[in-house]
RNA sequence: GGACCCGUGGCUCAGUUGGUUAGAGCGCCUCGUUUACAUCGAGGAGGUCAUAGGUUCGAGUCCUAUCGGGUCCACCA
């Protein structure tokens, strides 16, 4: 044995050994208890970041359950990450002086496909470098044909059940990224903008968006506002920049009499509230801002200007005409921005597909309250319910090429008074329009929100394992012919960062119950965010990012893994620093050297007699039993940090610093009882440590037991109250 | 406007149903290297547990308020 543990010499060899010997492969074994986790699928085109190394919690659970003797499935996957990936790819194109508009849809899709597939193995290799005991034979990609098929079927079922509908309401649209979003992707930013009090016919009213006035189709006041009562129902004439125009005065509860002058212009095409008012009063929609972020022809001479420039010009011209009463320069309000590029989002009228959320969310809330799904830490249960309670209908259409195209076709021939007839299938192009039998059908150009497919990930991945030809997609029924699915679904644990609770976890619960009538998982275990050593968020711009693979190269996977747990509580944010990883590297070396010392001295002297009466040995055995008991209790309760802490402290500061020092001479003189106790206590500690530090424990194990042996064949031996030792 | 988290030695954090002299890692100080490990060992300094009340025989731990830091949500033009 080397005097130091050198991870780079053993890690890859050991991982390959595990894979080749099938230690990570799961199969249906009804004599064993199943334990299953679906890995949150990392973005296929991106490198792993430190946040994703937190999935080490899953590896800990997985290996722990293997050592308990359970049948374990940890299923890997990759996410096509629609909009995210397209965004990255566009940056990529920009560097070459190109843009996505230089290519047609199919070409662009093919290019992104190649880009992603080329990068996908990166992410996979990085998961392997971390030692994750994933069953690679079951890996899925969100764009695998069988997964796509399941996504289509889910969509069709939702549609058939009336839970998907098409609506022309306003969507938060990013004119730079060229797509609309769901509520969750909108980032609200506080901003100080001028509030313009402008002369508007007989009124003065306040607005931050004078450039949208060309789309005004009413003026609204609160019905209880006495000041303006007499005007309600009348039409007023307004002197505008492009001539006089007439609008109705309407009364609506949405108007706050205390805001501004209590009068508001109503622009149904560009403001969420105004849109609702417009619906209530049957107002016309005039779109002033186009999808390119420029004003439309309606704006007359201002057409073609971008929003910001248009606003400045409009204000300037209004000032000249004396239409600005005064300006409040210190008005603070919140503005919706794009989470990706920070551009101010425009509410624009685009037809999109929506999921009717209430029935799905209510079911999820009911089941969570009935404790069908548990949360750790407990506080996230409350958060999940709060989220599910506040969800609005979910816009699942994205104006993005990279993704699963929505299986909806509309008929070109029968345009019923502007309302399109849609035919939804589970993927195949329909033969003809159901209304007019026309064969002129055109597919929706939009793709699904990535989260729509990820929401189905647990059941989609497991259903697909039986092969696309014979999977059964039955609602509210047992998938009785799919053993694999029935054995591992519901999965045992969903472990992920708390930051995607609403985006992903809540939606998986909704979809899992809706499609399978069972929870997708029994327990939600949420980990915290990785921060730098000062507790600040890691970001490229701050330059405080730690690349996990660099750390693995330098200190070994075990060190990195343990540094993610050490001194942190499950679910809390964790401060990371290279110093911390160094500390854990030192521990892996300590583990190695304890083994080395025992190994070097394991030559029993036949002339020395057994001395089981040795009091230090008795003490050691007693302390070890206590350690192990506490360890198992903590592991069972998902208190992994505590379990690691226990072994760290025992092995280093008790076993090595105290007991070995005390027994050193006895060991060297070849006392077999001392050797055996030290050996067995040490080996049991290796097993306990294995979920945390799989490589060094396996490496030492092989030195002790032989190259072909694996610590993964070990089982926790538990002594019950009557003193019998058996597998747990 | 609503919700959540945090405030413990220089730094980053543990402290699970309230109970002996409040812990760890790193940092710092002193000492130690003939044969497992200097990626080591022995020893040490250092904390009014944010503040003020309250419950209790007893509170870092429960309750209330205040201050300070962070996060998330929210269609007031």
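Numbering (our numbering), first residue to last: 1 to 728. In this text, a Cβ means the ideal position worked out from N, Cα and C, and glycines have one as well. Note that the coordinates shown come from a computational prediction; the quantities given were computed from them, not determined experimentally.
Between which residues of its own chain and residue 310 is the CB-CB distance below 6 Å, once the five residues before and five after are set aside?
Counting only Cβ-Cβ distances below 6 Å, and skipping sequence neighbours, we find 211, 295 and 302.
Between residue 50 and residue 660, is the Cβ-Cβ spacing less than 8 Å?
Contact flag unset, no.
So the candidates are 308, 354, 171 and 93; which of them puts its Cα closest to the Cα of residue 271?
The alpha carbon of residue 271 has as its nearest neighbour, out of 308, 354, 171 and 93, the alpha carbon of 171.
How big is the Cα-Cα spacing for residue 470 and residue 429?
Here residue 470 scores only 48 on pLDDT, less than 50, and its place in the model should not be relied on; the value that follows carries that caveat. Inter-residue distance for residue 470 and residue 429 is about 22 Å (C-alpha atoms, whole angstroms).
Give me the Cα-Cα distance between residue 475 and residue 514, rounded to the nearest whole angstrom.
Note that residue 475 has pLDDT 45, beneath the 50 cutoff, so the model's placement of it is unreliable and no number is given.
So what does DSSP say about residue 497, is it helix, strand or coil?
If DSSP states are grouped into helix, strand and coil, residue 497 belongs with the strands.
Alpha-carbon to alpha-carbon, residue 406 and residue 421:
When the Cα atoms are used, residue 421 and residue 406 turn out to be separated by approximately 15 Å.
When burial is assigned at 16 or more other CB atoms within 10 Å of the CB, is residue 729 buried or exposed?
For residue 729 there is no data in the structure shown, the boundaries of the chain being 1 and 728.
Inter-stretch contact (C-beta, 8 Å, three-pair minimum) for the stretch 333–340 and the stretch 179–199:
Touching, per the Cβ criterion.
Could you name the residues of the same chain whose beta carbon sits closer than 6 Å to that of residue 343, not counting the 5 residues immediately before and after it, in chain order?
Correct list, in chain order: 174 and 176.
Would you list the one or two residues that DSSP bridges to residue 800?
Not covered by the structure: residue 800. The range shown for the chain is 1 to 728.
In the DSSP assignment, what residue or residues form a beta bridge with residue 328?
Assignment of beta-bridge partners to residue 328 by DSSP yields 195.
Relative to the C-alpha of residue 314, which residue among 353, 160 and 196 is closest?
For the residues 353, 160 and 196, the minimum Cα distance to residue 314 belongs to 196.
Classify residue 754 as buried or exposed, calling it buried when 16 or more other Cβ atoms lie within 10 Å of its own Cβ.
Look at the range of the chain in this structure, 1 to 728, and you will see that residue 754 is not part of it.
Checking the sheet assignment: what are the DSSP bridge partners for residue 341?
In the DSSP secondary-structure assignment, residue 341 is not bridged to any residue.
So for residue 61, helix, strand or coil by DSSP?
Correct three-state label for residue 61: helix.
Could you spell out the range, first to last residue, of the beta strand (DSSP E) harbouring residue 238?
235–240 is the span of the beta strand (DSSP E), which, as asked, contains residue 238.
Hey, quick one: how far does the beta strand (DSSP E) through residue 179 stretch, first residue to last?
Per DSSP, residue 179 belongs to the beta strand (DSSP E) from 179–181.
With the cut-off set at 8 Å, would you say residue 598 and residue 662 are in Cβ contact?
Going by C-beta atoms, residue 598 is not nearer than 8 Å to residue 662.
Within the stretch 231–301, ranges of the beta strand (DSSP E) (whole runs, at least 3 residues)
The DSSP assignment places 235–240, 243–251 and 263–266 as complete runs of the beta strand (DSSP E) inside the stretch 231–301, in order along the chain (cut-off: 3 residues).
Span separating the alpha-carbon of residue 463 from that of residue 157
If I take the Cα positions, the gap works out to 16 Å.
Name the two residues that bound the continuous beta strand (DSSP E) containing residue 222.
No beta strand (DSSP E) contains residue 222, which DSSP labels as neither H nor E.
May I ask you to report which of helix, strand or coil DSSP gives residue 555?
Reduced to three states, the DSSP call for residue 555 is helix.
Relative to the C-alpha of residue 495, which residue among 525, 507, 213 and 226 is closest?
Comparing Cα positions, the closest option is 525.
What would DSSP say about residue 56, mapped onto helix, strand or coil?
Three-state result, residue 56: helix.
If you draw a straight line from the alpha carbon of residue 723 to that of residue 502, how long is it in whole angstroms?
A caution first: residue 723 carries a pLDDT of 48, below 50, which makes its placement in the model too unreliable to give a value.
Can you have a look at residue 26 and say buried or exposed, based on whether 16 or more other CB atoms are within 10 angstroms of its CB?
Taking a 10 Å sphere around the C-beta of residue 26, we find 16 or more other C-beta atoms and assign the residue as buried.
DSSP-derived helix/strand/coil call for residue 48:
Of the three classes helix, strand and coil, the one that applies to residue 48 here is coil, per DSSP.
Element boundaries [alpha helix (DSSP H), containing residue 487]
Its alpha helix (DSSP H) spans residues 483–488.
When you compare the CB positions of residue 465 and residue 570, do they come within less than 8 Å of one another, or not?
No, these two residues do not count as a Cβ contact at 8 Å.
Collapsed DSSP secondary structure at residue 356 in the structure displayed
When DSSP states are grouped into helix, strand and coil, residue 356 belongs to the coil group.
Quick one: measure Cβ to Cβ for residue 69 and residue 715, integer angstroms, because I've assumed they're closer than 8 Å.
Going by Cβ atoms, the distance from residue 69 to residue 715 rounds to 5 Å, so yes, they are a contact pair.
The alpha helix (DSSP H) enclosing residue 582, as first and last residue numbers
Run containing residue 582: 578–600, per the alpha helix (DSSP H) assignment.
Assigned secondary structure, residue 133 (DSSP; H/G/I helix, E/B strand, else coil):
The DSSP-derived three-state label of residue 133 is coil.
Here's a check: name, in chain order, each residue in its chain whose Cβ is nearer than 7 Å to the Cβ of residue 403, leaving out the five neighbours to either side.
Cβ within range, chain order: 80, 82, 447, 448 and 450.
Grouping DSSP H, G and I as helix and E and B as strand, with all else coil, what is residue 347?
In the structure shown, residue 347 sits in a strand (DSSP, three-state: E or B).
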